[in-house]
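Let me begin by presenting the structure, written as structure tokens, before commenting on it.
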Amino acid sequence: IFGGLKVTPGTLPWQVSLQMRPKTTSQQFKHICGGVLIASCWVLTAGHCILANKDMQVVIGGLTLNTAEETEQTLRVEEAIVHEGYRETTKAVYNDIALLRLRGTAGVCANETQFVKAACLPDVPLPDGTECTISGWGVTEQASYGTNHLLQANVLLINQEKCSEPAIYGSVLDNTMFCAGHLQGGVDSCQGDSGGPLTCNQNNTHTLYGLVSWGDECGRANKPGVYTRLTHFLNWIKSKTQTAFP
Ligand code: 4AZ
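Dropping the structure here:
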């Protein structure tokens with residue numbers, strides 16, 4: 398996160414650290430991406446975060462990567478479901494979404510606490526200019542390897558036609574994605590934040606509206622962050638999770 402502030406305990410309880418290690422060795426798990434808890438046994442992340450031949454775990458309810466906190470819950474990933482239309486070109490990433498099914502017993506995986514709580518999914522599109530929150534452990538203006546402490550920043554939803562102007566992203570955007578940020582630069586998501594949440598206030602409830610996906614570098618003027626558009630994927634999420642959202 399560029400231009401971010403440290404997150405206060407319990408304020409973003411759906412934030413996930415997605416961690417991986419090679420299947421064949423017993424190395425430590427390493428933070429690769431963000432993610433978002435949407436039900437006890439389901440996490441959303443970016444499609445481009447899913448790598449072949451890795452064991453995956455999620456850590457939820459923690460703020461720092463290098464210390465085990467009392468508030469955190471660690472769960473293994475049983476299955477990763479990458480969107481059938483996920484596609485990466487040199488210019489953009491399309492349908493950049495994946496579901497992670499967590500390991501649990503009797504339909505319970507993450508336990509809801511003050512520090513671990515699922516995010517709500519959006520119902521309707523929000524207006525351009527809405528202020529939303531992004532968060533993650535990714536690269537900052539200070540640290541090219543990411544941060545140990547979870548950071549957050551506020552960004553604004555940017556009009557799709559505006560963001561498709563030649564000086565910004567041109568014609569590569571489609572309706573599976575949207576832009577958010579500040580066109581003057583400075584405040585943005587970055588590498589390592591991918592798959593993490595962009596939440597907005599909808600009827601006084603934090604609603605998951607986007608997932609960190611891509612951008613032309615980080616924090617640059619006229620190159621805002623691009624986010625997976627959750628309202629486009631509600632039916633996909635429902636079809637893949639079934640029992641979680643009856
Ligand atoms: C990345 O490399 C990445 N500024 C993520 C977000 C943004 C740029 C790059 C948005 O994963």
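Numbering follows mature numbering (1 follows the signal peptide of the UniProt record, and there is no 0), with no gaps: position 181 of the sequence shown is 578. The beta-carbon is built from N, C-alpha and C at its ideal position, and this holds for glycine as well. Computed from a predicted model, the values in this text were never measured in an experiment.
Close beta carbons around residue i, own chain, < 7 Å, minus the five adjacent residues each side
{"i": "residue 451", "result": "417, 418, 419, 420"}
{"i": "residue 546", "result": "403, 460, 461"}
{"i": "residue 512", "result": "406, 407, 410, 458, 468"}
{"i": "residue 522", "result": "628"}
{"i": "residue 447", "result": "477, 479, 495"}
{"i": "residue 625", "result": "443, 493, 494, 573, 574, 607, 608, 610"}
{"i": "residue 597", "result": "523, 527, 529, 604, 606"}
{"i": "residue 614", "result": "620"}
Reduced DSSP category for residue i - H, G, I as helix; E, B as strand; rest coil
{"i": "residue 638", "result": "helix"}
{"i": "residue 579", "result": "coil"}
{"i": "residue 399", "result": "strand"}
{"i": "residue 439", "result": "strand"}
{"i": "residue 510", "result": "coil"}
{"i": "residue 541", "result": "coil"}
{"i": "residue 404", "result": "coil"}
{"i": "residue 521", "result": "coil"}
{"i": "residue 471", "result": "strand"}
{"i": "residue 625", "result": "strand"}
{"i": "residue 553", "result": "strand"}
{"i": "residue 423", "result": "coil"}
{"i": "residue 434", "result": "strand"}
{"i": "residue 445", "result": "helix"}
{"i": "residue 547", "result": "coil"}
{"i": "residue 584", "result": "coil"}
{"i": "residue 569", "result": "helix"}
Extent of the continuous alpha helix (DSSP H) to which residue i belongs
{"i": "residue 559", "result": "557-560"}
The beta strand (DSSP E) enclosing residue i, as first and last residue numbers
{"i": "residue 677", "result": "The structure shown does not extend to residue 677, since the chain spans only 398 to 643, so no value can be given for it."}
{"i": "residue 495", "result": "495-499"}
{"i": "residue 595", "result": "594-599"}
{"i": "residue 591", "result": "Run containing residue 591: none; DSSP gives neither H nor E here."}
{"i": "residue 412", "result": "412-419"}
{"i": "residue 454", "result": "451-457"}
{"i": "residue 530", "result": "528-533"}
Whole-Å CB distance - residue i paired with residue j, under 8 Å assumed
{"i": "residue 412", "j": "residue 594", "result": "6 Å"}
{"i": "residue 548", "j": "residue 432", "result": "About 16 Å separates the two Cβ atoms, so there is no contact after all."}
{"i": "residue 526", "j": "residue 553", "result": "6 Å"}
{"i": "residue 608", "j": "residue 592", "result": "6 Å"}
{"i": "residue 582", "j": "residue 618", "result": "4 Å"}
{"i": "residue 538", "j": "residue 616", "result": "6 Å"}
{"i": "residue 541", "j": "residue 398", "result": "Going by Cβ atoms, the distance from residue 541 to residue 398 rounds to 13 Å, so no, they are not a contact pair."}
Residues near residue i in its chain [Cβ-Cβ closer than 6 Å; skip 5 each side]
{"i": "residue 611", "result": "490, 623"}
{"i": "residue 519", "result": "604, 606, 627, 628"}
{"i": "residue 499", "result": "438, 472, 506"}
{"i": "residue 488", "result": "569"}
{"i": "residue 426", "result": "416, 418, 454"}
{"i": "residue 483", "result": "444, 492"}
{"i": "residue 440", "result": "413, 432, 434, 455, 497"}
{"i": "residue 466", "result": "459"}
{"i": "residue 642", "result": "635"}
{"i": "residue 430", "result": "415, 442, 446, 591, 592"}
8 Å Cβ shell around residue i - same chain, five flanking residues per side excluded
{"i": "residue 629", "result": "572, 573"}
{"i": "residue 621", "result": "552, 555, 560, 565, 576, 577, 578, 579, 580, 585, 612"}
{"i": "residue 509", "result": "437, 515"}
> Counting by C-beta, which residues lie closer than 5 Å to a heavy atom of the ligand 4AZ, in chain order?
Replying inline: 585, 586, 588, 591, 612, 615, 622
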